[in-house]
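Under the working numbering, the residue at position 44 of the sequence shown is numbered 505, and the numbers go up by one with no gaps.
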Amino acid sequence: DAYPRYAPTMEWDTGAGDAICRMAGFQVLQYNTDKSVEYNKENLLNPWFLVKLTNEN
Numbered sequence: 462d463a464y465p466r467y468a469p470t471m472e473w474d475t476g477a478g479d480a481i482c483r484m485a486g487f488q489v490l491q492y493n494t495d496k497s498v499e500y501n502k503e504n505l506l507n508p509w510f511l512v513k514l515t516n517e518n
């Protein structure tokens, strides 16, 4: 399943959902790099990202 969002998001828009996803066994990854989305950056704008199930589940 996919839910695309075409508007920018800020850290405060996604922080709680990110925590829930990670605790449920998902990864929250930057779209072009597959690195985890980071928080507490100087620029609070999120990169484009995907949420996917880890291989462990």
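Ideal placement from N, C-alpha and C gives every residue a C-beta, glycine not left out.
Look at the Cβ atom of residue 472, then the Cβ atom of residue 492, and state whether they are nearer than 7 Å. no
Between the C-alpha atoms of residue 498 and residue 469, what's the straight-line distance to the nearest angstrom? 14 Å
Output yes or no for whether 7 Å exceeds the beta carbon distance between residue 487 and residue 514. At a Cβ-Cβ threshold of 7 Å, residue 487 and residue 514 count as neighbours.
Given residue 512, which residues of its chain have a CB within under 6 Å of its CB, disregarding the five upstream and five downstream residues? 482, 487, 489
Classify residue 495 as buried or exposed, calling it buried when 16 or more other Cβ atoms lie within 10 Å of its own Cβ. exposed
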